[in-house]
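Residue numbers (this note's numbering): 10 to 284. For reference, the structure is listed below as structure tokens.
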């Protein structure tokens, strides 16, 4: 993950506010979304997706690179060993297989997030991602029409994504994913019944609670609009990350169970204070 807020102003310059080009319809979101974060040290395998889903995670992050030998969009943090790594399509199939016939991935009525962290800022990688996402558009919350009900999965794109922003028109991109750091305005109409916002931004731990709250309320001086805030770099600091008021926290494979327990505790405390 990048060690800074992800250059939202550059993307905003590419995507000016416009009339609605698309819609999004989501199920309610977990009070704290626990996101599986792939390890930079261990090669990614499809079993990592299985373990994250079985632990109850409501988000899975995939590091993406283009494999030179066949052009496939491949899941790997490292440049080396891409031939042995699974593809984005294979990882998506794993999630859909787990979901089965349920309306939601975890069979609990809550939204699921597929977070794509682009490690290579290139036109071929961006084109390959769009091509793959189009194959599964029926599952994306962003691919509904004005009367469409909620769909189980929202694709959120992070990392080196400037080619996605530049090379594809809003009518295409908005039906496939949400870009972190973009204030969409009226470009995407939210048809979800849960309230709140569908926009996302990522911040590296450690972050002040006041900054998190400012972004959520639309009061941050550096970024217009209201955002869900995801905290990354949480290794060994899950307690403070979960208690920061963030909407989502990253967790490595070996910390997923503890992250889920902490998220449940925070959610219970929020329900208690609201009551």
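Glycine included, each C-beta is placed from N, C-alpha and C at the ideal position.
> Excluding sequence positions up to five away, which residues of its chain have a Cβ less than 7 Å from the Cβ of residue 108?
Replying inline: 114, 161
>> Using the three-state DSSP reduction, which class does residue 67 fall into: helix, strand or coil?
In response: coil
> When the Cα atoms are used, what is the spatial distance from residue 244 to residue 207?
Replying inline: So the two alpha carbons sit approximately 26 Å from each other.
> residue 258 by DSSP, collapsed to three states: which one?
Replying inline: strand
>> According to DSSP, simplified to helix, strand and coil, what is residue 168?
In response: strand
> CB residue 67 to CB residue 119, shorter than 7 Å?
Replying inline: Cβ atoms of residue 67 and residue 119: closer than 7 Å.
>> Tell me which residues share the same chain as residue 131 and place their Cβ nearer than 7 Å to its Cβ, disregarding the 5 neighbours each side in the sequence.
In response: 75, 172
> With respect to the beta strand (DSSP E) encompassing residue 121, which residues constitute its N-terminal and C-terminal limits?
Replying inline: 121-127
> Relative to the C-alpha of residue 177, which residue among 157, 147, 135, 198 is closest?
Replying inline: 135
> DSSP beta-bridge partners for residue 213?
Replying inline: 241
> Which word fits residue 226, buried or exposed, when buried means at least 16 other C-beta atoms lie within 10 angstroms of its C-beta?
Replying inline: exposed
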